[in-house]
Amino acid sequence: MSDRENNERNFSRISIDQLGAWLNAHPDPLILDARDPGAFAAGNIETSIRLDGRNHEALIFQTPKTRPVFIYCYRGNASQTYAQQFADFGFKNVADLIGGWEALQKALAPAPAALSEALQSWLASNGFADIHSPAAHGNTALMHAAWKGDAAIVDALLAAGASVAAVNNDGNTALWLACVSNDPAIVKRIAAAGANLDHVNLTGATSLMYAASSSKPAIVAVLLELGADPLIQTQDDFSALDMAASLECLELLRAATKQQRSA
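Dropping the structure here:
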């Protein structure tokens, strides 16, 4: 970061190593989680409040300016924007987390166990050098296992530290490939591991849009249950509702859209 950017920023960026000291030095902070509802429900920092575009103004105007504010997101990007907003409105002690929830999880996670012989054999037989390196079409081992609907391998890969944030050549994540397999249980497993439910691929589509357009009502239902946003639109202004290819998907998305718009 340049000196100019440092001078313009009037909040603190703290690393995982500095987090404990900052929290000890700032009792009773307002802790805000800027991730999607599904990720927040799957795990969050105790006492945190989920932050989004609908409640951030209320929090800014209703919170005493003397109260410390700590914000985290997925990887430390959106949290900077929110932190700057709080600082601009006169909050004196504002900080965001470098690396976000992903960095926190890595710091707290135990060292991954050595890969089992079965997993090593699966990786080799499917053309993967390891659990992280992509193979054909940019797919990682986790994407491939999700696409195949292999729940046991998905679980083994997640336990070994496979990333749910990696994208393939089309900009899709393992969550999208789990939707292709039409297995709600695998979708839930990957979402619980911190996948971004509203990730947009290179064509501007979300997993919810794919499931709707492919007439996969069970996947549409579970994504909505986890908190996927039905109001997101492509660059051509199409939503998942517009793409619904079956009556069951259409009814699920109509109800979810109506509920979210009235919230």
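Numbering follows the UniProt record's numbering, in which position 216 of the sequence shown is assigned residue number 216; successive positions increment by one, without gaps.
For every residue, glycine included, the Cβ atom is placed at its ideal position computed from N, Cα and C.
Model, not experiment: these values are computed from the prediction.
(message) As a quick exercise: from Val180, Leu119, Asn182 and His137, pick the residue whose alpha carbon is nearest that of leucine 158.
(response) Here residue 158 refers to the residue found at position 158 when the sequence shown is read from its first residue. Here the closest residue by C-alpha is Leu119.
(message) Taking 6 Å as the limit between beta carbons, can you name the residues of its chain near alanine 256, skipping five residues before and five after?
(response) Taking the sequence shown and counting its residues from 1, one reaches residue 256 at position 256. The residues are Leu224 and Pro230.
(message) What would DSSP say about aspartate 33, mapped onto helix, strand or coil?
(response) Looking up residue 33 in the sequence shown gives position 33. In this structure, aspartate 33 counts as strand in the three-state DSSP scheme.
(request) Note down the Cα distance separating leucine 97 from serine 79, rounded to an integer number of angstroms. (result) If you number the sequence shown from 1, residue 97 lands on position 97. If you number the sequence shown from 1, residue 79 lands on position 79. The straight-line gap from Cα to Cα measures roughly 7 Å.
(message) Which of the three DSSP states is assigned to tyrosine 72 in this structure?
(response) Here residue 72 is taken as the residue at index 72 of the sequence shown, counted from 1. Of the three classes helix, strand and coil, the one that applies to tyrosine 72 here is strand, per DSSP.
(message) Classify alanine 25: buried if its beta carbon has 16 or more other beta carbons within 10 angstroms, exposed otherwise.
(response) Within the sequence shown, residue 25 is the residue found at index 25, counting from 1. The residue is exposed, with fewer than 16 neighbouring Cβ atoms inside 10 Å.
(request) Evaluate the contact criterion for the segment 58 to 66 versus the segment 12 to 27: three or more CB pairs, one atom per stretch, below 8 Å. (result) no
(request) Determine the contact status of glycine 149 and serine 181, defining contact as a CB-CB distance below 8 Å. (result) Residue numbering aside, residue 149 sits at position 149 when the sequence shown is read from its first letter. Residue numbering aside, residue 181 sits at position 181 when the sequence shown is read from its first letter. Yes. Within cutoff.
(request) Measure how close the beta-carbons of alanine 136 and glycine 127 come, nearest whole angstrom, since I'm counting them as under 8 Å. (result) As a working mapping, residue 136 is identified with position 136 in the sequence shown. As a working mapping, residue 127 is identified with position 127 in the sequence shown. Rounded, the Cβ-Cβ distance is 7 Å, consistent with contact.
(message) Which residue wins for smallest C-alpha separation from methionine 209, given the options Ala107, Ala160 and Ser246?
(response) As a working mapping, residue 209 is identified with position 209 in the sequence shown. The candidate whose alpha carbon is nearest that of methionine 209 is Ser246.
(request) Give the straight-line distance between the Cα atoms of leucine 177 and alanine 146, rounded to the nearest whole angstrom. (result) Here residue 177 is taken as the residue at index 177 of the sequence shown, counted from 1. Here residue 146 is taken as the residue at index 146 of the sequence shown, counted from 1. So the alpha carbons of these two residues sit roughly 6 Å apart.
(request) Using DSSP bridges, identify the partner residues of valine 94. (result) By one-based count along the sequence shown, residue 94 stands at place 94. In the DSSP output, where bridge partners are listed per residue, valine 94 has Val69.
(request) Just the C-alpha distance for alanine 107 and glycine 194, rounded to the nearest angstrom, thanks. (result) In the sequence shown, residue 107 corresponds to position 107, counting from 1. In the sequence shown, residue 194 corresponds to position 194, counting from 1. When rounded, the distance between both Cα atoms is 15 Å.
(message) Quick check: what's the CA-CA separation for asparagine 44 versus aspartate 33?
(response) Start at 1 with the first residue of the sequence shown, and residue 44 comes out as number 44. Start at 1 with the first residue of the sequence shown, and residue 33 comes out as number 33. Near 7 Å, if we compare the C-alpha coordinates of aspartate 33 and asparagine 44.
(request) Quick one: residues in its chain with C-beta nearer than 8 Å to the C-beta of glycine 138, no 5 flanking neighbours on either side, listed in chain order? (result) In the sequence shown, residue 138 corresponds to position 138, counting from 1. Cβ within range, chain order: Val167, Asn168, Asn169 and Asp170.
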